[in-house]
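K.L.:
In the numbering used here, the protein residues as written are 177 to 825.
By construction, the Cβ of each residue, glycine as well, lies at the ideal position given by its N, Cα and C atoms.
Have a look at this one before I ask anything.
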Amino acid sequence: MLPLRRSFWPTGQLVNWSTFLSILLAPLAALAADKPNVIFILADDLGAHDLGCFGSTFYETPNIDRLAKRGTRFTQAYAASPLCSPTRSSILVGQYPARTGITAPVCHINPIFLNKELVKDGPKSRVLVANSVSRLKTEYFTLAEALKEAGYSTAHFGKWHLGHNLKPEERYEPKDQGFDLDWPHTPKAPGPGGGYLAPWKFIKDPTITDDVGVNIEDRMSKEAAKYIAAHKDKPFYLNYWAFSVHSPWNARPDYIEHFKAKADPKNPQHNALYAAMVKSLDDGIGRILQAVDDAGIADNTIIVFYSDNGGYAYPPKKTDPEGYADIPATSNLPLRSGKASLYEGGTREPFIFAWPGKAKAGATSDILFQTVDFYPTLLSFVGLKPHDGIKLDGHDQSKALLGGDSPRDRVFCHFPHGNATRDSVMDGFYAGTYVRKGDWKLLRFYARNDDGSDDLELYDLKNDLGERRNLAKEKPELAKELNGLITDFLKDTEAVIPKLNSNFGKAAPKAAAPKKALTPDDLPGGWKNRAGKASVVEGALHIESKGADSFLGVGAGLTAGKAKLTFKLRAPQAGEGRIALLGAAGGAEILSVPYRTSGEAVWQTISVDIEAKQTTSILRLHLPAGSAAVDLDDIVLTPAQGAPRRWEF
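Shown next, in the form of C-alpha cells:
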C-alpha cells in the first residue's frame, strides 16, 4: 500500500499522495459507479390486481404505489408457471420450467429428483403427469453467480424453495447458487409454516428472534435495509423474495380489524385477513425504498417488483384468527381463476420497473414480458452478456423496459400437472400448455376430452380478457397454427408431456366409485383413522381433518434400527406434519420426525427416514397442521431388513 505522505512529482511540483491516488483510481471508481444496484422484489401468490396502482380499491399499498410512480407499470407481464418454484427457477436461470424440469413446487421434499419424467402408469390417474425435478441443479450459472463474477455483492432475503442440502456435499441452497448472504436461511420452507408473527417456527436459526407478534416482513425488511446501508458504496444485487402473501393465513390483529371495518361484500376483494397480509408486505417494501433513499443511491438502483404466480382466488379453508375461511383470499377479476390455473388469473402478474432517470416515471406499458426475460435483461443493464454456451429462453428486454419496442411476440407456459377432481375449486387446474401470440391465446389440455384426446381452447384476449368464449371451433385454422407453436415449443424444451393413462381403472375397480365413506376403523390394511371424516375418492384416501393433532395409525412391527416411510400427499395448505413411533407396549412416543407440505395442491412424494432405538408397535402419520382436507395414497414402509409393506386406497 502506498504511504499517505507528501512527496515530489518528477516535474518538481509538490503532490499529496492521497490526491494522486484519487486521480489514479478515479476511472475505476467511475466504472464501479456505472454499474447499477439491482433490487429484485418478488411477492408470493400476489394477484395481478392486488395493488392500488393495479386497480385494487380495498387493499392499501401506498409504498408499492409510490414505487410505481417512480417507474413503469407493465400490464401484460407473465410468470413462467402458475406455481412458485418453477417461476423462481426461471428468474435465476432464464429457462422455461419445461426445459429445467422444475414444473411443481416440490423443492422442499425428499427424495431428490433430478431427472424429468412422467409418473408411473398406475391405475388411479386418468392422465399421467410429470414427476417434477425437485432441486435447481448446480450445473446452471445463475443470475446471482453472473453478477457476483462481475464484482457485485449478492444477498438473498426470504423465500427460496429451490432446494436444500441433505448432505454436506450437496449444493442447492442460496449460498451455493451465487449469494453471499442468505437471511433468514429457510431454504426448505415452502412458506412461513406456523405463521408470520413471532416467534417464528419455520426459522431454525436460534439467534433470529423478536418480540411476540412481530411480522416476519417487518423484521426481514429491516435486515435488508441494514444490508443496503452497509453496501451503498459498491454494486449489490439484493433479492427480497417475500414470504407474503402465501399461506398460512394470519396477520397482525390490528391490521385485520382495520380492514374488517371497511370490507364490502359487494367488492370481489373483501377478505380482511388477506388485506392485512398485503399491508404487511407493503410495509416491508416501504422500508426498503426508504433505505435506498437514505443511502443516496436511488438514481443508480434498479428496482423490480413482481409476483411468482397468480393470486389465491379461492377460500383459504383455515385461517388464524378464524372467521375468514369461507371468503376467497382475493379476486383476480376480470381475469379468470388464479394460482395453479393456466387461465390468465394464474400467470398474469403485477410488474413494476423503476430506475430514476432511465425508466419512464408514472408510465404504463402493454409489452409482453415473462420471467425468463429477467436473466438476459438485467445482465444487459449492468453491461454484461450471458456466457457462451448458456441456453436461454428469455429475451433481452432492456430497451423495452425503458420505453422501446419489445422483441417478444409470444409467451408459453407448460404445466404438466393438475387434477380434474378439483375443478370446482381451482378452475383450470389441469395438465396443459398454453401459448399467447399477440392477442390470441390457445390452451392445450392433455387427454381432457372423453375420448382421451387433447382439448383446445382459443381466446381473443383483446375482446375476452375473462376467457369465457372458446373460439377453437370457430377458428380451426388459427387454433391449428397456435397448437403447432406449442408442439414446437415442447420439442425444443424436451418437455415432459402428460398423456392418457392406458391402465386407468384396470386394477382398481374401487376407484371407479365416485366416493366411498369409511368408518373410523374401516381403513384398508389395518390403519386406524383418528384424523376426521374419511372417504375414498378416485382411489385415494380423502380426509377432512378434525383439526389439531389429526393422525392415522397402524401396527408397525418394527424392530430397532433404520426404516423409511414414503407416501403421496396432497394438501391445499402449507404445513408441517410428523411421523411418530410408539414403543412395544404402545403408550409414549419414542420418536417423532417432521415433514413439510407446500400447500400447492399437487401430489407430493414425501420420504421420511426413521430410526428407532427399540422395537416399535405403532406408527402414526400425523397430518400437516393447518390443512382442513388432505388426500393420501401409496404409503410404503421399508425396514432395513425384510420386505416393504405397501398400502393403497
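Thinking C-alpha only, which one of Asn679, Leu511, Asp581 and Gly354 is nearest Glu321?
P.N.:
Gly354
K.L.:
Measuring straight from C-alpha to C-alpha, what distance separates Ser310 and Gly472?
P.N.:
The straight-line gap from Cα to Cα measures roughly 41 Å.
K.L.:
Nearest by alpha-carbon distance to Leu619: which of Asp502, Asp810, Asp627 and Arg644 is it?
P.N.:
With distances taken between Cα atoms, Leu619 lies closest to Arg644.
K.L.:
I need the DSSP call for Cys589, collapsed to helix, strand or coil.
P.N.:
strand
K.L.:
Taking the Cβ atom as the reference point for each residue, do Arg275 and Thr669 lie within a distance shorter than 7 Å?
P.N.:
yes
K.L.:
Tell me which residues share the same chain as Ala452 and place their Cβ nearer than 7 Å to its Cβ, disregarding the 5 neighbours each side in the sequence.
P.N.:
Ala427, Arg428, Tyr431, Ile432 and Phe435
K.L.:
Skipping 5 residues on each side, what residues in its chain have a beta carbon closer than 8 Å to that of Asp440?
P.N.:
Here the set comprises Phe234 and His446.
K.L.:
If you reduce the DSSP assignment to three classes, tell me which class Thr279 lands in.
P.N.:
coil
K.L.:
Pull up the distance between the alpha-carbon of Pro800 and that of Pro497, whole angstroms please.
P.N.:
One alpha carbon belongs to Pro800, the other to Pro497, and they sit about 18 Å apart.
K.L.:
Of all the options Asn485, Leu757 and His593, which has the alpha carbon lying nearest to the alpha carbon of Glu520?
P.N.:
Asn485
K.L.:
In the structure shown, what three-state DSSP assignment does Glu325 receive?
P.N.:
helix
K.L.:
Contact check, Val548 vs Gly270 under 8 Å by CB: the rounded distance?
P.N.:
5 Å
K.L.:
Looking at Leu757 and Leu795, is the spacing between their C-beta atoms short of 7 Å?
P.N.:
yes
K.L.:
Go to Asp631, then tell me how far its beta strand (DSSP E) extends in each direction, as first and last residue.
P.N.:
Asp631 to Asp636
K.L.:
Counting only runs of 3+ residues fully inside the region 492 to 551, write out the beta strand (DSSP E) ranges in chain order.
P.N.:
524 to 530 and 539 to 541
K.L.:
Kindly indicate the opening and closing residues of the alpha helix (DSSP H) around Tyr316.
P.N.:
Per DSSP, Tyr316 belongs to no alpha helix (DSSP H) and is neither H nor E.
K.L.:
Can you tell me whether Pro652 sits near the ligand MN, meaning its C-beta is under 6 Å from at least one heavy atom of the ligand?
P.N.:
Here there are no bound small molecules, and the ligand MN is not part of this structure.
K.L.:
Taking Gln780 as part of the alpha helix (DSSP H), name the residues at either end of that continuous run.
P.N.:
Counting along the chain, Gln780 falls outside any alpha helix (DSSP H), though it belongs to the beta strand (DSSP E) covering Gln780 to Ala788.
K.L.:
Around the C-beta of Ala205, are 16 or more other C-beta atoms found within 10 angstroms, so that it is buried, or is it exposed?
P.N.:
Because the pLDDT at Ala205 is just 41, under 50, the model does not fix this residue reliably, and the point stays unresolved.
K.L.:
Tell me which same chain residues have a C-beta within less than 6 Å of the C-beta of Arg746, skipping the five on either side of it?
P.N.:
Trp779 and Asp807
K.L.:
Counting along the chain, where does the beta strand (DSSP E) carrying Ile716 start and finish?
P.N.:
It is worth fixing the name first, because residue 716 is Ala in this sequence and not Ile. That run of the beta strand (DSSP E) goes Ala716 to Ser721.
K.L.:
Excluding the 5 residues flanking Lys675 on each side, which residues of the same chain have their C-beta closer than 8 Å to its C-beta?
P.N.:
Leu294, Val303, Leu304, Tyr622 and Ala623
K.L.:
With distances taken Cα to Cα, identify the nearest neighbour of Thr523 among His284, Val214, Ala537 and Asp220.
P.N.:
Considering only alpha carbons, the answer is Asp220.
K.L.:
For the beta strand (DSSP E) containing Ile794, list its first residue and its last residue.
P.N.:
Thr792 to His798
K.L.:
Could you check what DSSP says for Phe665 in three-state terms: helix, strand or coil?
P.N.:
In the three-state reduction of the DSSP assignment, Phe665 falls in the helix class.
K.L.:
Beta-carbon within less than 7 Å of Ile379's beta-carbon, same chain only, minus the 5 sequence neighbours each way: which residues are those?
P.N.:
Pro360 and Thr362
K.L.:
Ser629: buried (16+ other C-beta within 10 angstroms of its C-beta) or exposed?
P.N.:
exposed
K.L.:
Could you pull out every residue in the same chain whose Cβ sits closer than 7 Å to the Cβ of His593, ignoring the five residues on either side in sequence?
P.N.:
Thr279, Ala280, Val305, Ala306, Ala607 and Val778
K.L.:
Classify Arg822: buried if its beta carbon has 16 or more other beta carbons within 10 angstroms, exposed otherwise.
P.N.:
exposed
K.L.:
Quick check: what's the CA-CA separation for Gly223 versus Gly538?
P.N.:
Between Gly223 and Gly538, the C-alpha separation is close to 21 Å.
K.L.:
Could you check the C-alpha separation between Tyr488 and Pro424 for me, to the nearest Å?
P.N.:
The alpha-carbon atoms of Tyr488 and Pro424 are separated by roughly 12 Å.
K.L.:
At which residues does the beta strand (DSSP E) containing Ala756 begin and terminate?
P.N.:
Element bounds for Ala756: Gly751 to Gly759.
K.L.:
Determine, using beta-carbon pairs with one atom in the region 404 to 422 and one in the region 313 to 332, whether at least three such pairs fall under 8 Å.
P.N.:
They touch, by the three-pair rule.
K.L.:
For Asn213, count neighbouring C-beta atoms within 10 Å of its own C-beta (all shown protein chains included) and say buried if the count is 16 or more, exposed if not.
P.N.:
Burial check for Asn213: the Cβ neighbour count within 10 Å reaches 16 or more, so the residue is buried.
K.L.:
Quick one: does Leu243 have its CB under 7 Å from some CB of chain D?
P.N.:
Although the question refers to chain D, the structure presented lacks it and comprises just one protein chain.
K.L.:
What's the C-alpha gap between Ile267 and Leu323?
P.N.:
14 Å
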